[in-house]
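J.: So the protein sequences, as listed, match chains C and S. The first sequence begins at 0 in numbering that gives the first Met the number 0 and counts up one residue at a time. The second sequence begins at 0 in numbering that gives the first Met the number 0 and counts up one residue at a time. Quick reminder that beta carbons are idealized off the backbone N, C-alpha and C, glycines included. Following this message is one structure expressed as structure tokens.
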Amino acid sequence: MHSFGHRANALLTFALTILALMCAMASFSDNFNSPSPTADVQVLNINWFQKQPNGNDEVSLTFNISADLQSLFTWNTKQVFVFLAAEYETPKNSMNQVSLWDGIIPSKEHAKFWIHTTNKYRFTDQGSNLRGKEFNLSLHWHVMPKTGKMFADKIVMSGFRLPEEYR
Amino acid sequence: MDWQGQKLAEQLMQIMLVAFAVVAFLTGYLMNSFQTMLLIYASGVLLTTLITVPNWPFFNRNHLKWLDPSEADRHPKPQISSTNTGSKKKSSKQHQK
Chain C
0 MHSFGHRANA
10 LLTFALTILA
20 LMCAMASFSD
30 NFNSPSPTAD
40 VQVLNINWFQ
50 KQPNGNDEVS
60 LTFNISADLQ
70 SLFTWNTKQV
80 FVFLAAEYET
90 PKNSMNQVSL
100 WDGIIPSKEH
110 AKFWIHTTNK
120 YRFTDQGSNL
130 RGKEFNLSLH
140 WHVMPKTGKM
150 FADKIVMSGF
160 RLPEEYR
Chain S
0 MDWQGQKLAE
10 QLMQIMLVAF
20 AVVAFLTGYL
30 MNSFQTMLLI
40 YASGVLLTTL
50 ITVPNWPFFN
60 RNHLKWLDPS
70 EADRHPKPQI
80 SSTNTGSKKK
90 SSKQHQK
């Protein structure tokens, strides 16, 4: 009854149970971290703004993003996914969300960044509602932990407006 | 492995694993390193395996003392026909099975 195999099995079972418990505690410890991220986006230029042949508005922007997301990182953080979304309201849909740029931050050292870029993904409306449209730019992030629950949050920056005329 | 050895192996295994887990978690948390936690715990599990799984000599220090056959012959088993309380209990137990 108390053979080599039985002892090895008992040890493995107990060790893995404790490991699961440790992972759960590591995940729980993330709740004690109260992050204070900052972000700022400036739209530098509207490169072009036109109506596609199929009737949809499309705009190309140049902007720079500066953000400090270092406080999101804890010992249980694998990486952070960030994306910048343009959000606006149209008569048909109360919430339109278009992803303009995204990135993966692999470590805390890279979490304070400044980037000057044009939109990585096309800013196209479903329809022709973008002229003179006021929109928000929100920096969303998803904190991906090594074990446990994923956290997501965002910073909304409002007060952007598209021009009245195509160019 | 004798009875005392089995008890010792079992207790040693549980205490060592829990101790290593506590040390690993605190070190990892304070050093802000998940990897450190895993490395300390893995080495702890390995050490515990080496100590408690093989049948080391120190688990066999309390040998079982079997009765000599001649001693057993001198005290024969009580017969079932001799009705005393002991045999009644035995029969009732067998019923329950």
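Quick one, are the C-beta atoms of Phe62(C) and Tyr165(C) less than 8 Å apart?
T.: Contact flag unset, no.
J.: Quick check on the burial criterion: 16 or more other C-beta atoms within 10 angstroms. Buried or exposed for Ile64(C)?
T.: Classification of Ile64(C): buried, given that the 10 Å Cβ count is 16 or more.
J.: Anything in chain S within Cβ reach of Leu10(C), meaning under 7 Å, just list it in chain order.
T.: Under the 7 Å cutoff, chain S gives Met12, Thr47, Thr48, Thr51 and Val52.
J.: Using CA coordinates, which residue listed in Ser70(C), Ser127(C) and His1(C) is at the minimum distance from Phe31(C)?
T.: If we check each option's Cα against that of Phe31(C), Ser70(C) comes out closest.
J.: Quick one: what's got a C-beta closer than 6 Å to Asn54(S)'s C-beta in the same chain, skipping five residues either side?
T.: Correct list, in chain order: Met0.
J.: Is Trp172(C) close to chain S? Criterion is C-beta to C-beta, closer than 8 Å.
T.: Because chain C spans 0 through 166 in this model, residue 172(C) falls outside it and cannot be assessed.
J.: At 3 residues or longer, and completely inside the segment 69-116 of chain C: list those beta strand (DSSP E) runs for me, N to C.
T.: DSSP runs (the beta strand (DSSP E)) wholly in the segment 69-116 of chain C: 76-87 and 95-104.
J.: How many Å lie between Phe159(C) and Asp101(C) at the Cα?
T.: C-alpha separation (whole angstroms): 19 Å.
J.: When the Cα of Ser59(C) is compared with those of Ile104(C), Gly4(C), Leu99(C) and Asn135(C), which residue comes out closest?
T.: Per the Cα distances, Leu99(C).
J.: Closest by CA to Gly147(C), which one among Met24(C), Ser106(C), Leu68(C) and Arg6(C)?
T.: Closest by alpha carbon: Met24(C).
J.: According to DSSP, Ile45(C) sits in a beta bridge with which residue or residues?
T.: Ile45(C) pairs with Leu60(C).
J.: Taking the straight line between their C-alpha atoms, what separation do you get for Phe134(C) and Glu88(C)?
T.: The straight-line gap from Cα to Cα measures roughly 8 Å.
J.: Can you name, in chain order, every residue of its own chain whose Cβ lies under 8 Å from the Cβ of Val79(C), other than the five neighbours on each side?
T.: Excluding sequence neighbours, Val79(C) sits near Leu68, Leu71, Phe72, Ile103, Ile104, Ala110, Trp140, His141, Val142 and Met143.
J.: Just list the residues that DSSP pairs Asn135(C) with in beta bridges.
T.: Bridge partners of Asn135(C): Glu86(C).
J.: Exposed or buried, Asn75(C), counting other C-beta atoms within 10 Å across all chains shown (16 or more means buried)?
T.: So Asn75(C) counts as buried.
J.: Going by CA-CA distance only, name the one from Cys22(C), Val97(C), Ser2(C) and Thr16(C) that's closest to Asp124(C).
T.: Taking only the C-alpha atoms, the option nearest Asp124(C) is Val97(C).
J.: Is any non-hydrogen atom of the ligand NAD found closer than 7 Å to the C-beta of Leu66(S), if you look at the structure I gave you?
T.: The ligand NAD is not part of this structure, which contains no ligands at all.
J.: Can you find the residues in the same chain that come closer than 8 Å, C-beta to C-beta, to Ala19(C), ignoring five residues on each side of it along the sequence?
T.: Correct list: empty, nothing qualifies.
J.: Is the Cβ-Cβ distance between Lys77(C) and Lys153(C) less than 8 Å?
T.: Taking 8 Å as the Cβ cut-off, Lys77(C) and Lys153(C) do not qualify as a contacting pair.
J.: Can you grab the Cα-Cα spacing for the pair Ala84(C) / Pro52(C), in whole Å?
T.: If you take the alpha carbons of Ala84(C) and Pro52(C), they lie about 25 Å apart.
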